[in-house]
Amino acid sequence: MAQAKPTYQMSDPYPWTLSSILPLIPAALVALALLTRLITGLQTDAPGTGSSRPPPRVPYWIPFLGSYPQFLLNPVRVLQDARKAFPTGIFTLTLIRRKYHIIASSSLAGAFLTDDPRGENYAARTSFLVSTFGLRPADAAAYEDALSALDETLFPHATLGPLTKPLTRALQERLPDILTFNPQLIDQEPWERLSGIELDDDRNVAEVSLFPLLTVFLTHLVTDTLLTPTLLAQQPDIAPLLTTLTAALPPTPLHPALRPNPSRRTLLSHLHTLHADLLTDAEALNPTLAARHALLPHPSMRVADTAALLTAFHARHVLAFWLLLNLHASPPLLAKVRAEIRKAVKATQPEQLMGYATPPRLVIDADALSWCAVLRAAWTETTRVYGRGWHVKQLKRDSAVQTRRETALRPGSEWALGQGESVHVPCGLVNSDPAWWTDPGRWLVKRFLVPMEEDHMLYVVGVRGEAGVYSMGEEEVGEMLGLEFVAGFLALYELEGVGGDAVMVPDAVEAAGVALPAGDVRVLIRRRELEVETLEKEGEKEE
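If you count by my numbering, then the sequence shown holds residues 282 to 824, one letter each, in order.
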């Protein structure tokens with residue numbers, strides 16, 4: 282009987298069990314990260330054709346994600362670190378397999394944005410409204426097609442008159458009552474209540490939080506004059522919501538990661554209700570909003586456009602706050618501005634009428650104000666320091682960008698950019714470029730002033746639309762209103778620190794479109810001693 286052959290089973294000296302694999306995973310991940318970092322580091326000096334080459338790429342550790350994990354935690358720090366690492370002034374950032382060319386140099390930005398950049402932002406603006414303000418993707422193409430006409434509603438026929446004249450009239454009427462000095466909460470204006478106003482015993486001096494006082498007042502002024510008085514009359518909490526929303530939005534529009542926040546939901550809910558009501562009450566529309574509605578047939582488009590417009594104007598209002606605060610922190614400069622605006626702004630105190638006090642009378646000459654060089658230079662410097670706007674160009678053909686003049690870059694440096702790629706110009710990054718600006722974090726008005734024989738001439742340098750995530754066409758209107766507001770405030774009021782201390786400028790916190798103050802700013806405000814305007818003098822003027 283045949284014997285069965287014995288079978289032999291070879292034992293695996295290295296069995297692939299879960300317990301044996303787990304220790305290898307961290308080592309494999311580390312090896313993958315090191316390999317990715319090595320490869321992307323070698324790509325920073327990729328050769329180009331001819332005299333041009335592609336911008337250097339920011340190396341990263343994680344495949345597919347690129348620099349996104351760091352960018353998600355602190356996008357501003359990522360951009361600043363990349364600018365330090367690449368003195369070329371341009372670099373490529375990889376976020377989830379998408380490449381973004383970032384210009385960080387003032388000289389490169391000036392050369393790249395030689396043409397009017399507004400139209401180049403249209404696709405980016407539309408995408409931002411889809412991700413942020415609820416614009417339906419199905420309406421995106423129609424909205425983008427209407428953007429050029431929408432911008433014309435804020436800058437009609439290349440003249441500001443149709444918009445600034447109503448705003449100037451409203452400012453002249455309402456600015457003297459920005460503080461009523463009324464102790465009764467029910468009789469105070471919304472901006473007074475939000476500022477936590479405290480009056481002294483004689484009710485001549487008010488201690489207020491300056492930021493909500495100014496921004497909420499200006500939001501009411503612009504909304505009532507340009508859009509509709511119905512909105513804030515029915516929903517006054519929208520005005521302070523804009524600050525909350527500005528702080529909640531990502532500080533950069535690249536891959537916006539919106540956390541659910543009540544301010545955004547509440548704002549859009551209020552605007553949906555408003556636009557539904559306006560369909561039955563067209564008379565509540567001001568001409569500007571009526572013109573925009575005529576271009577936007579769908580409610581989704583109208584709500585998103587109004588929300589974006591409100592936040593864009595809010596960024597300009599924040600700049601007015603920073604300007605006023607920095608002027609009062611620089612008494613010699615404040616004295617120069619006050620002397621300069623005398624020819625453009627006049628504040629007088631009419632006599633009592635039938636025993637009742639009347640508010641001061643304010644007259645603003647917008648044309649004369651445009652020639653106030655020191656004030657305009659101060660606005661430009663404020664925009665440079667605190668503006669966080671963003672320009673985007675989607676390249677329609679292969680092109681190259683090079684320095685306009687010899688700087689820290691190598692002479693003749695030229696960077697090749699491919700068709701279909703997007704080029705981003707973060708104004709906050711560009712306007713803090715240490716290779717261009719001396720002590721860029723410091724507020725210095727003289728950067729934009731050229732001494733003349735008898736006076737100063739404004740010398741403006743920089744990128745347009747530096748406040749607001751993307752320009753909504755409101756730059757010129759917002760700047761003129763900001764200048765008029767600051768000039769009118771200086772003519773009517775005195776401002777000083779609480780307890781007689783000097784006015785202090787707080788640190789700035791990065792936010793969407795504009796930097797916000799790091800803390801509450803409490804100040805004392807009192808009315809200035811004004812020239813008394815008698816009825817006889819008024820009659821003589823009329824003769």
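Ideal Cβ placement from N, Cα and C applies to all residues, glycine included.
It should be emphasised that the depicted structure is a prediction, and the values quoted were computed from it without experimental measurement.
Span of the beta strand (DSSP E) holding residue i?
| i | result |
| --- | --- |
| residue 519 | No beta strand (DSSP E) holds residue 519; the alpha helix (DSSP H) holding it covers 519-529. |
| residue 630 | 626-631 |
| residue 778 | 774-778 |
| residue 642 | 642-645 |
| residue 487 | 486-490 |
| residue 806 | 803-808 |
| residue 612 | Note, residue 612: premise wrong, no beta strand (DSSP E); alpha helix (DSSP H) at 612-621. |
| residue 411 | That residue, residue 411, is in no beta strand (DSSP E); its alpha helix (DSSP H) goes 403-413. |
| residue 307 | Segment 305-323 is the alpha helix (DSSP H) holding residue 307; no beta strand (DSSP E) there. |
Quick check: the Cα distance between residue i and residue j, rounded to an integer number of angstroms?
| i | j | result |
| --- | --- | --- |
| residue 691 | residue 716 | In this prediction, residue 691 has a pLDDT of 47, which is less than 50 and means its spatial position is unreliable; what the coordinates show is noted afterwards. For residue 691 and residue 716, the distance between alpha carbons rounds to 13 Å. |
| residue 484 | residue 372 | 57 Å |
| residue 445 | residue 410 | 26 Å |
| residue 369 | residue 678 | 23 Å |
| residue 423 | residue 339 | 36 Å |
| residue 518 | residue 482 | 30 Å |
| residue 355 | residue 545 | 22 Å |
| residue 322 | residue 551 | 49 Å |
| residue 893 | residue 696 | Given a span of 282 to 824 for the chain in the structure shown, any question on residue 893 remains unanswerable. |
| residue 722 | residue 596 | 19 Å |
| residue 582 | residue 320 | 44 Å |
| residue 419 | residue 432 | 21 Å |
| residue 815 | residue 457 | 18 Å |
| residue 753 | residue 621 | 31 Å |
| residue 808 | residue 665 | 31 Å |
| residue 343 | residue 350 | 9 Å |
| residue 549 | residue 415 | 8 Å |
| residue 569 | residue 508 | 6 Å |
| residue 455 | residue 770 | 11 Å |
| residue 611 | residue 427 | 44 Å |
| residue 627 | residue 755 | 27 Å |
| residue 744 | residue 709 | At residue 744, the pLDDT of 47 sits below 50, so the modelled position is not reliable; the number obtained from the coordinates is stated separately. Cα-Cα distance, rounded: 10 Å. |
| residue 376 | residue 775 | 49 Å |
| residue 779 | residue 632 | 31 Å |
| residue 421 | residue 407 | 6 Å |
| residue 806 | residue 374 | 47 Å |
| residue 567 | residue 452 | 17 Å |
| residue 520 | residue 796 | 18 Å |
| residue 746 | residue 523 | Unreliable placement is indicated for residue 746, whose pLDDT of 49 sits below 50; the coordinate value is still reported in the next sentence. Rounded to whole angstroms, residue 746 to residue 523 spans 19 Å at the Cα level. |
| residue 762 | residue 443 | 13 Å |
| residue 579 | residue 417 | 10 Å |
| residue 764 | residue 663 | 12 Å |
| residue 619 | residue 813 | 19 Å |
| residue 337 | residue 782 | 49 Å |
| residue 719 | residue 388 | 14 Å |
Can you check which of these residues, the options, is closest to residue i by C-alpha distance?
| i | options | result |
| --- | --- | --- |
| residue 658 | 752, 729, 673 and 626 | 729 |
| residue 760 | 813, 384 and 602 | 602 |
| residue 826 | 531, 516 and 520 | In the structure displayed, the chain extends from 282 to 824; residue 826 sits before or after that span and is not available. |
| residue 625 | 514, 634, 579 and 653 | 653 |
| residue 526 | 588, 367, 638 and 431 | 588 |
| residue 623 | 600, 509, 493 and 767 | 767 |
| residue 360 | 711, 762 and 775 | 711 |
| residue 462 | 581, 488 and 362 | 488 |
| residue 501 | 612, 448 and 782 | 448 |
| residue 751 | 638, 667 and 533 | 533 |
| residue 837 | 629, 796 and 522 | The structure shown has nothing for residue 837, since the chain only spans 282 to 824. |
| residue 613 | 749, 650, 725 and 466 | 725 |
| residue 593 | 556, 530 and 364 | 530 |
| residue 362 | 379, 341 and 345 | 341 |
| residue 459 | 491, 435 and 434 | 491 |
| residue 335 | 727, 777 and 700 | 700 |
What are the start and end residues of the alpha helix (DSSP H) that includes residue i?
| i | result |
| --- | --- |
| residue 433 | 418-435 |
| residue 553 | 543-559 |
| residue 377 | Element bounds for residue 377: n/a, residue is neither H nor E. |
| residue 358 | 356-366 |
| residue 825 | Past the edges of the chain, shown from 282 to 824, lies residue 825, and the structure says nothing about it. |
| residue 240 | Outside the modelled stretch of the chain, which goes from 282 to 824, sits residue 240, for which no answer is possible. |
| residue 568 | 568-576 |
Contact between the segment 700-719 and the segment 375-383 (3+ Cβ pairs under 8 Å): yes
Any 3 or more C-beta pairs closer than 8 Å across the segment 402-417 and the segment 664-675: yes
Contact between the segment 464-482 and the segment 786-800 (3+ Cβ pairs under 8 Å): no
Touch test, the segment 658-667 against the segment 462-470, Cβ-Cβ under 8 Å, three pairs minimum: no
Whole runs of the beta strand (DSSP E) within the segment 652-724, excluding any shorter than 3 residues: 671-675, 680-683, 695-698 and 703-707
Contact the segment 592-609 vs the segment 628-646: 3+ CB pairs below 8 Å: no
Meets three-Cβ-pair contact criterion under 8 Å: the segment 494-504 and the segment 305-323: no
Contact between the segment 386-394 and the segment 565-584 (3+ Cβ pairs under 8 Å): no
Runs of alpha helix (DSSP H) wholly within the segment 443-488 (minimum 4 residues, chain order): 471-475
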